[in-house]
Amino acid sequence: MASDGIRDQVAIVGMGCTKFGEHWDRSIDDLLIDAVDECVASVPGFERKQVDAYWLGTMGSGTSGLTLSRPLKIDYKPVTRVENYCATGSEAFRNACYAVASGAYDCVMAVGGEKLKDSGYSGLVVPPPINDGTASEPTAPAMFSLLAPAYVKKYGISDEQLKEVMTRIAWKNHRNGALNERAQFRSEVAKETIARSPIVGSLGIFDCCFTPTELVLMEDLGFSERGQGWQDVLDGVFDLDGELPVNPDGGLKSFGHPIGASGLRMLFECWLQFRGEAGERQLSDPQIGLTHNLGGQPGACVSFVSIVGAGRDG
Amino acid sequence: MDGIVSYGVYLSTSRACSIRDVDYATYLTWRGTLQREPPRRPDPIRPEAPPAARATRWKYAFVGSRCRVHVPLQRVCSGCGAVDQMDPKPMADKLGTVATFTVDRLAFSLSPSVITTVIDFDGGGRASCELTECTPDQVSVGTRVELTFRRMYGAQGVHNYFWKARPIHGE
Numbered sequence: 022m023a024s025d026g027i028r029d030q031v032a033i034v035g036m037g038c039t040k041f042g043e044h045w046d047r048s049i050d051d052l053l054i055d056a057v058d059e060c061v062a063s064v065p066g067f068e069r070k071q072v073d074a075y076w077l078g079t080m081g082s083g084t085s086g087l088t089l090s091r092p093l094k095i096d097y098k099p100v101t102r103v104e105n106y107c108a109t110g111s112e113a114f115r116n117a118c119y120a121v122a123s124g125a126y127d128c129v130m131a132v133g134g135e136k137l138k139d140s141g142y143s144g145l146v147v148p149p150p151i152n153d154g155t156a157s158e159p160t161a162p163a164m165f166s167l168l169a170p171a172y173v174k175k176y177g178i179s180d181e182q183l184k185e186v187m188t189r190i191a192w193k194n195h196r197n198g199a200l201n202e203r204a205q206f207r208s209e210v211a212k213e214t215i216a217r218s219p220i221v222g223s224l225g226i227f228d229c230c231f232t233p234t235e236l237v238l239m240e241d242l243g244f245s246e247r248g249q250g251w252q253d254v255l256d257g258v259f260d261l262d263g264e265l266p267v268n269p270d271g272g273l274k275s276f277g278h279p280i281g282a283s284g285l286r287m288l289f290e291c292w293l294q295f296r297g298e299a300g301e302r303q304l305s306d307p308q309i310g311l312t313h314n315l316g317g318q319p320g321a322c323v324s325f326v327s328i329v330g331a332g333r334d335g
Numbered sequence: 275m276d277g278i279v280s281y282g283v284y285l286s287t288s289r290a291c292s293i294r295d296v297d298y299a300t301y302l303t304w305r306g307t308l309q310r311e312p313p314r315r316p317d318p319i320r321p322e323a324p325p326a327a328r329a330t331r332w333k334y335a336f337v338g339s340r341c342r343v344h345v346p347l348q349r350v351c352s353g354c355g356a357v358d359q360m361d362p363k364p365m366a367d368k369l370g371t372v373a374t375f376t377v378d379r380l381a382f383s384l385s386p387s388v389i390t391t392v393i394d395f396d397g398g399g400r401a402s403c404e405l406t407e408c409t410p411d412q413v414s415v416g417t418r419v420e421l422t423f424r425r426m427y428g429a430q431g432v433h434n435y436f437w438k439a440r441p442i443h444g445e
C-alpha cells in the first residue's frame, strides 16, 4: 500500500547551524546549545518553550534523548535520539516531519550534532558491538573508494580520466566551501595540488570517500545518464554556476562529516538559499532543492532524499 | 562442532603460502617478537566466544547458504524472503573473481597495506575479503582468487582466525 506522503504538510520555520571544525575547546553540549539558540533566534518572537517535541541525531556523541535535554534543560517534553549511520541527521529531520504531519504536534525541533574527533584517532571510528571477528573492517575511505575501479571497468574510462573527474569534483567542493564562513576547510585548492596529493587506493588525500560517491550519485539520482556522470562533471554541469549546482555550500569536503549533523547541514544550505542569505554562494531565484544523505557503505546502505521548496508548489 | 568435522578436511590439502621472501622486521612482527607502532586507530577488539561459537560454520569453514547463494550463510533469503529454508553451502574451496578492490593504508593490519576486495564466487555469492600474498600492483578487476585460512590478528589474548583471499596462479 503506497504512502500518501507528507508533501506541503510541513514547513521549516527556523534553522541554526554552528561553524564546523575540530572545536577542541567545545563539547557536544556547547555545540547543541549554540545551534538550538541560533535556531530559536531565527524565528522572530519565538520562545523555545513553544517546541512540543525534539529529535536528536547523533551517532557517537551520546545515547538517549538525555544528550540534548540535559544541557538544554528540556523538561517535560519528549526527546528522542535517533541514528542511521551517516544519514543520522536526516533521520532526525524525517521523524520530526512525520510527527508534525501526523497532527500529533504543532511545532517540533530536529537537532543534529557530533564531536567526531575528540581524541588522537584518525578518521571515522565506529566501535563495533561484541562480535565473532569475521566482519571485514575497512576504513570509510576504503569502503567508498571500492566504487572507483568498478566504475572505471564498467564504463571503459581510463584511470587518468577518472583522476581528472575526481579532481574536478574535489576542486568544485573546496571552491564552494571557500565562500562559506561555517565550513571547516575554507581554502580553495588548485587542481594541480589535488591531483598530486598522497594516496589511498586510487584516490588522493583530497578525494577521501566522498568524491567517487558524488560521481556515482549523480547517476543514481538521475541527474546524469548511467556511465555519463563523469562527462557531465568535466563539463561543469554541477559547478556553482552550472546547470545544476551540487553541494553549493562546499559539501562534505569543506565541512567534514560530523555524522549527526551532516543531513541537517545540507538542509541548512537550502534554507539560506531560499531566503537569499547564501552570500557569495547565492543562486538566482532557487525554487526547489534536493538533499541526499547516504548512510552505510556501497552495497549496504540507507538512502535519504528530501525535496524542499521555497513555497507551496503550484 | 559440525563446521570443523565436516569441512575441516580441506585445510590439510590446501596449497602452502606462496610468499618466499619476507623482510626480517615483518618476520619478527608476525612471530609476535617485534611490536610496531599501530595506526592512529582503536585497537582491534577480540572476538568473543558466544558469537564465535554461533558462527562456527562461517568463521572456520566459510559456509554460505543456498536458495540463491548467500555469503555468509543466512536465515532469511534475500530473494524470496523464506525463513530457515536455505541449505548450507560449503564455499571454502570455491574460486572467485575480484569485482572491485582498494588499498587501505590507514586500517589496522599485521600486514599493511590492506587490500580490500569484493569477490564474486564461481557458482554465485559475493563477499568482501582481505587479499593476501599480493602487492597492490598485482591486483585488478578480474583477478582470479581462492580462499585461505589465516590468523587475522591477536587482541586481548585471543587469536582471531578467518579467511582471506589470495590470487591463484596457473588456473
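Which chain is which? The protein sequence lines are U and V, in order.
The numbering used here applies: residue 22 is where the first sequence begins, and numbers increase by one.
The numbering used here applies: residue 275 is where the second sequence begins, and numbers increase by one.
Note that the Cβ used here is the ideal one computed from N, Cα and C, for glycine as well.
Here the structure is a predicted model, which is why all the values come from computation and not from measurement.
Nearest CA to the CA of U:Ala307: which residue from U:Leu261, U:Leu273, U:Gly317? Numbered from 1 along the first sequence, position 286 holds the residue referred to as residue 307 of chain U. The amino acid at residue 307 of chain U is misidentified as Ala; the sequence shows Pro. The candidate whose alpha carbon is nearest that of U:Pro307 is U:Leu261.
Simplified DSSP state of V:Gln359, which is helix, strand or coil: Within the second sequence, numbered from 1, the residue matching residue 359 of chain V stands at position 85. Three-state result, V:Gln359: coil.
Excluding five sequence neighbours on each side, which residues of the same chain lie with their C-beta closer than 6 Å to the C-beta of U:Pro99? Indexing the first sequence from 1 puts residue 99 of chain U at position 78. So the list reads Ala74, once near-sequence residues are dropped.
Along chain V, in chain order, which residues have C-beta atoms closer than 7 Å to that of U:Tyr142? The count along the first sequence starts at 1 and reaches residue 142 of chain U at position 121. Ordered by position in chain V, the residues that pass the 7 Å Cβ test against U:Tyr142 are Arg314, Arg315, Pro316.
Spell out a yes or no on whether the segment 124-135 of chain U and the segment 173-180 of chain U are touching, meaning 3 or more CB-CB pairs, one atom from each, closer than 8 Å. no
Where does U:Ser275 sit, in a helix, a strand or coil, going by DSSP? On the first sequence, residue 275 of chain U is found 254 positions in, with the first residue counted as 1. In this structure, U:Ser275 counts as helix in the three-state DSSP scheme.
Alpha-carbon to alpha-carbon, U:Leu315 and U:Lys40: As a first step, residue 40 of chain U is located in the first sequence; it is residue number 19 there, counting from the start. As a first step, residue 315 of chain U is located in the first sequence; it is residue number 294 there, counting from the start. Cα-Cα distance, rounded: 22 Å.
What ranges does the alpha helix (DSSP H) occupy inside the segment 303-390 of chain V, keeping only unbroken runs of at least 4 residues that lie completely in it? 323-328, 330-335
Shorter than 8 Å from the beta carbon of U:Gly154 to some beta carbon of chain V? Along the first sequence, read from residue 1 onward, the residue named residue 154 of chain U stands at position 133. Yes, U:Gly154 lies at the interface with chain V (some Cβ there is under 8 Å from its Cβ).
Where do the N-terminal and C-terminal ends of the alpha helix (DSSP H) with U:Arg91 fall, by residue? Reading the first sequence from its first residue, position 70 is the one you call residue 91 of chain U. U:Arg91 -> alpha helix (DSSP H) spans 87-93.
Are the C-beta of V:Glu420 and some C-beta of chain U separated by less than 8 Å? As a first step, residue 420 of chain V must be located in the second sequence, where it is residue number 146. V:Glu420 does not count as touching chain U.
Residue range of the beta strand (DSSP E) that includes U:Arg115: Taking the first residue of the first sequence as 1, we reach residue 115 of chain U at position 94. Element bounds for U:Arg115: not the beta strand (DSSP E) but the alpha helix (DSSP H), 109-122.
Buried or exposed: which applies to U:Val326, given that a residue is buried once 16 or more other Cβ atoms fall within 10 Å of its Cβ? The residue you call residue 326 of chain U lines up with position 305 of the first sequence. The residue is exposed, with fewer than 16 neighbouring Cβ atoms inside 10 Å.
Taking its Cβ as the centre, do 16 or more other Cβ atoms sit within 10 Å of U:Gln30, making it buried, or is it exposed? Residue mapping note: residue 30 of chain U aligns to position 9 of the first sequence, counting from 1. Answer is exposed; the Cβ neighbour count stays below 16.
Buried or exposed, going by whether 16 or more other CB atoms sit within 10 Å of the CB of V:Gln309? Position 35 of the second sequence, counted from the start, is the residue given in the question as residue 309 of chain V. Answer is exposed; the Cβ neighbour count stays below 16.
Residues in the same chain with beta-carbon distance under 8 Å from U:Glu246, minus the five sequence neighbours each way, listed in chain order, please. One-based indexing of the first sequence puts residue 246 of chain U at position 225. Closer than 8 Å at Cβ, skipping near neighbours: Glu240.
Beta-carbon proximity list for U:Trp192, same chain, < 7 Å, skipping 5 on both sides: As a first step, residue 192 of chain U must be located in the first sequence, where it is residue number 171. Here the set comprises Val210, Lys212, Ile215.
Does any residue of chain U bring its CB to less than 8 Å from the CB of V:Lys333? For the purposes of this step, residue 333 of chain V is taken as the residue at position 59 of the second sequence. True, the Cβ-Cβ gap to chain U drops below 8 Å.
Pick helix, strand or coil for U:Val173, following the three-state DSSP scheme. Stepping through the first sequence from its first residue, residue 173 of chain U is reached at position 152. U:Val173: helix per DSSP, three-state reduction.
Can you tell which of V:Arg305, V:Phe375, V:Arg424, V:Phe382 has its C-alpha closest to the C-alpha of V:Gln412? Translated into the one-based positions of the second sequence, residue 412 of chain V becomes position 138. The option with the nearest alpha carbon to V:Gln412 is V:Phe375.
Pairing CB atoms from the segment 74-86 of chain U with CB atoms from the segment 113-123 of chain U, are three or more of them under 8 Å? yes
Using alpha carbons as the reference points, say which of V:Asp358, V:Gly338, V:Lys438, V:Met426 lies closest to V:Gly306. Mapped onto the second sequence, residue 306 of chain V falls at position 32. Per the Cα distances, V:Met426.
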